[in-house]
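Asks:
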Amino acid sequence: MALDNKRIRERLVEKFGAEITEWSEPYGLLTFVCPKDINLKVLQFLYDDQELGFTFLTDLCGVHYPDRTGSEISVVYHLHNLKDNIRIRFKIYTPSAKPDVFSASALYEAANWMERETYDFFGVNFIGHPNLKRILNIEEMEFFPLRKEFPLEDQKRTDKDDEMFGRG
Amino acid sequence: MSEHVNLPEESLEKLTTTINLGPTHPATHGVFQNIVELDGETVVSAEQTVGYIHRAFEKIAEHRPMYQITPLTDRLNYCSSPINNMGWHITCEKLLGVKTPKRVDYLRIIIMELARISDHLICNSIVGVDSGAFSGFLYVMQYRELIYEIYEEICGSRLTTNMGRIGGFERNFTNQAFEKLEKFIKEWPGVLKEFENLFVRNRIFMDRTIGVGPISAERALNYGFTGPNLRAAGVDYDVRYHTPYSSYQDFNFTIPVGSTGDCYDRFLVREGEMWQSLELIKQAYQKVQEFKGAEAEVFHADIPEYYLPDKKDVYTSMEALIYHFKIIMGETKMPSGEVYSSVEGANGELGFYLISDGSRAPYRLHFRRPCFIYYQAYSELTKGGLLSDAIITMSSLNLIAGELDA
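Chains V and B, in that order, are what the protein sequence lines are. Just so we're aligned: the first sequence equals residues 1 to 168 in the numbering used here. Just so we're aligned: the second sequence equals residues 169 to 574 in the numbering used here.
1. Using three-state DSSP, classify Asp59/V as helix, strand or coil.
2. Going along chain B, which residues have a C-beta under 8 Å from Phe56/V?
3. Which chain V residues are close to Glu350/B, counting only those with a beta carbon under 7 Å from its beta carbon?
4. Per DSSP, which residues does Lys460/B bridge with? Please list them.
5. For the beta strand (DSSP E) containing Ala214/B, list its first residue and its last residue.
6. Relative to the alpha-carbon of Val124/V, which residue among Ile8/V, Ala97/V, Leu136/V, Glu139/V has its alpha-carbon at the smallest distance?
7. Would you please verify whether the beta carbon of Ala569/B is less than 8 Å from any beta carbon of chain V?
8. Which value, in whole angstroms, describes the spacing of the CA atoms of Leu469/B and Ser249/B?
9. With Ile8/V and Ile88/V assumed to form a contact (beta carbons below 8 Å), what rounded beta-carbon distance in angstroms separates them?
10. Counting only Cβ-Cβ distances shorter than 8 Å, please list the residues of the segment 400-423 of chain B near chain V, keeping chain order.
11. According to DSSP, which residues form a beta bridge with Gln201/B?
12. Between His78/V and chain B, is any beta-carbon pair separated by less than 8 Å?
13. When burial is assigned at 16 or more other CB atoms within 10 Å of the CB, is Tyr504/B buried or exposed?
14. Inspect the beta-carbon positions of Ile237/B and Trp256/B and report whether they are closer than 8 Å.
15. Is it buried or exposed, Gly128/V, if we count other Cβ atoms within 10 angstroms and call 16 or more buried?
16. Suppose you measure from the CA of Glu109/V to the CA of Phe467/B; what does that come to, to the nearest Å?
17. Please state if the CB of Ala214/B and the CB of Val204/B are separated by a distance shorter than 8 Å.
18. Does chain B have any CB closer than 8 Å to the CB of Leu152/V?
19. Bridge partners for Asp100/V per DSSP, in chain order?
20. My understanding is that Val211/B touches Ala558/B, with C-beta atoms under 8 Å, so please give their C-beta distance in whole angstroms.
21. Would you say Lys36/V and Tyr93/V are within 8 Å of each other, going by their C-beta atoms?
22. If you measure from the beta carbon of Pro145/V to each beta carbon in chain B, is any gap under 8 Å?
23. Quick check: is the beta carbon of Asn137/V nearer than 8 Å to any beta carbon in chain B?
24. Could you check where the alpha helix (DSSP H) with Leu30/V kicks off and where it finishes?
25. For Thr31/V and Gln457/B, what's the separation of their Cα atoms in angstroms?
26. Please determine if the segment 400-415 of chain B and the segment 503-520 of chain B are in contact, where contact requires at least 3 C-beta pairs separated by less than 8 Å.
27. Give the DSSP-derived three-state secondary structure of Gly139/V in the structure shown.
28. Output, in chain order, the set of chain B residues within a Cβ distance shorter than 7 Å of Cys61/V.
29. Could you run through the segment 464-487 of chain B and flag, in chain order, every residue whose CB is less than 7 Å away from some CB of chain V?
30. In terms of DSSP beta bridges, what is Cys554/B paired with?
31. So, does the CB of Ala110/V fall closer than 8 Å to a CB anywhere in chain B?
32. With DSSP as the reference, identify every bridge partner of Glu519/B, one or two as the case may be.
33. Could you tell me which residues DSSP pairs with Tyr319/B in its beta bridges?
34. Should Ser445/B and Ile285/B be called a contact, given that it needs their Cβ atoms to be closer than 8 Å?
35. With DSSP run on the structure shown, which of helix, strand or coil describes His119/B?
36. Relative to the C-alpha of Ala545/B, which candidate in Ser74/V, Ile86/V, Val13/V, Asn112/V has its C-alpha closest?
Okay, structure coming up:
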């Protein structure tokens, strides 16, 4: 029997019960939310289970929702089962005051740089990451640029001499 | 040998040499830095530093309406910009729920496969250059030029193409474009065959690439490899086949795979893919020619809210003027939703993760850039090999700095 969204959901509910919440299927992609302290357990289960076999980490990225007080930062995993060719997405939420999340880099080598990128832009502290430092930005940077509180430069600002760049 | 690596910097016992390969070394073909630890000529470890041309596209994208994000995608993998452009348009269409006409899909396939050929061509000929064979590189550039001329006929630019619109193309293909395409279809097989003759059974090239930078299928999957690099390791995963977009399901093509995942297999997989791309272009061109009557003139979907109207309609029709104004000023709202869509880029699965909250710009846009993910494996691929092999491995991975750093 080919794996489908319904079966994946059954297997996960069997294993984790009510801990996994907010089930949805936007554009056919099974999406759910799990508490951040069991993210590795869920990943390991999805990886090890004979039937599920989500052994390919497609993508890992952060999202910042400043309005969700207490769970401002989200880390989103996209996993792929290459054998049955089915994808899932799952999210965890963490407060931006203490953004500690367990690292998946021991399970997927691919997660190493993706987590560094997420740290670099959102400041998510991946516990257990072998080399958690900035990757695309300079190391001296003191803020996490993709958080919503950092706006782009105002195009109309006048306090800067920019004549050489066409904004004199 | 590895016990000497962690000695203090000035230590007399340190027997290894540290060299900086890059960031502006001519052999790296882009802005990469590698801090390589050498024991004689053998690589003990390599540490990559990336981010030299980081331009914060994900941040910029959060402030731009959809059509202004297309030029950002050009600058990801700039060797095959049209694939990125269309990948972005396909993502938007998925979010908007737009169904594109078949003719648009086929025209897109022609362009995407041309882009794939031009990308693989660069990569394979650069592998040749790094192993000491320069003539292949110069010879095939003439045909990359022809591909760029086809782009030019269609969208007016060559490298950073900004091609197409949400829903289709900005204008129909001209006759000159089709003539050039016919010329390409006619002449390209001979050129590719000659290029292959230069390399595939060339003793020097084989000695330089076989067994260099190998990776097993399990490690490649664990490292998140996609595209030709994964297929060279023996995994037949191709987005075009597994999650068809733009009507790839209507075509017959095979997925070339390798077995050892070394530089030679990567070279051969890319060669095989170029032949497959040619087949796809031929099939798509034939399908395009089969359209008759009004269907043969279709080059975009009928979605006036998102597709920029023709300029002459803007001057004569009220609706077109309103839509033109709304689109140009970026006042067209996106529906809210969350979508992941991916295309088979020239070097792997290029994914777009788009979250929209119903405003004019994405709430969050994340690019899954294949080379950012597989470049992590570089240290493992080169460990224990020679320095000159590390250079070939780098070019055969098809690293594009623009995509790596986004």
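All C-beta atoms, glycine included, are put in the ideal place defined by N, C-alpha and C.
Replies: This is what the structure gives:
1. Asp59/V sits in a strand when the DSSP states are folded into three classes.
2. Leu389, Gly392
3. Going along chain V, no residue has its Cβ under 7 Å from Glu350/B, so there is no contact; the nearest lies around 36 Å.
4. In the DSSP output, where bridge partners are listed per residue, Lys460/B has none listed.
5. 210-217
6. Ala97/V
7. no
8. Checking the sequence, you will find Ala at residue 469/B rather than Leu. If you draw a straight line from the Cα of Ala469/B to the Cα of Ser249/B, it comes to about 22 Å.
9. 6 Å
10. Val403, Tyr405, His410, Thr411
11. Thr217/B
12. yes
13. Rather than Tyr, the amino acid found at residue 504/B in this sequence is Ser. By the 10 Å Cβ count, Ser504/B comes out exposed.
14. In this structure, Trp256/B lies closer than 8 Å to Ile237/B by Cβ.
15. exposed
16. 43 Å
17. The criterion of a C-beta distance shorter than 8 Å is satisfied by Val204/B and Ala214/B.
18. yes
19. For Asp100/V, which the question treats as bridged, DSSP gives the partners Asn125/V.
20. 5 Å
21. yes
22. yes
23. Under the 8 Å criterion on CB atoms, Asn137/V is classed as interfacial with respect to chain B.
24. Note, Leu30/V: premise wrong, no alpha helix (DSSP H); beta strand (DSSP E) at 30-33.
25. 42 Å
26. Touching, per the Cβ criterion.
27. In the sequence as displayed, the identity of residue 139/V is Glu instead of Gly. Three-state DSSP puts Glu139/V in coil, outside helix and strand.
28. Correct list: Tyr521, His534.
29. none
30. Sequence check: residue 554/B is Leu here, not Cys. Per DSSP, Thr210/B.
31. Closer than 8 Å to the CB of Ala110/V there is at least one CB belonging to chain B.
32. Here residue 519/B turns out to be Gly, not Glu, going by the sequence shown. Ser510/B, Arg536/B.
33. DSSP, once it has assigned bridges, lists no residue as partnering Tyr319/B.
34. yes
35. Because chain B spans 169 through 574 in this model, residue 119/B falls outside it and cannot be assessed.
36. Asn112/V
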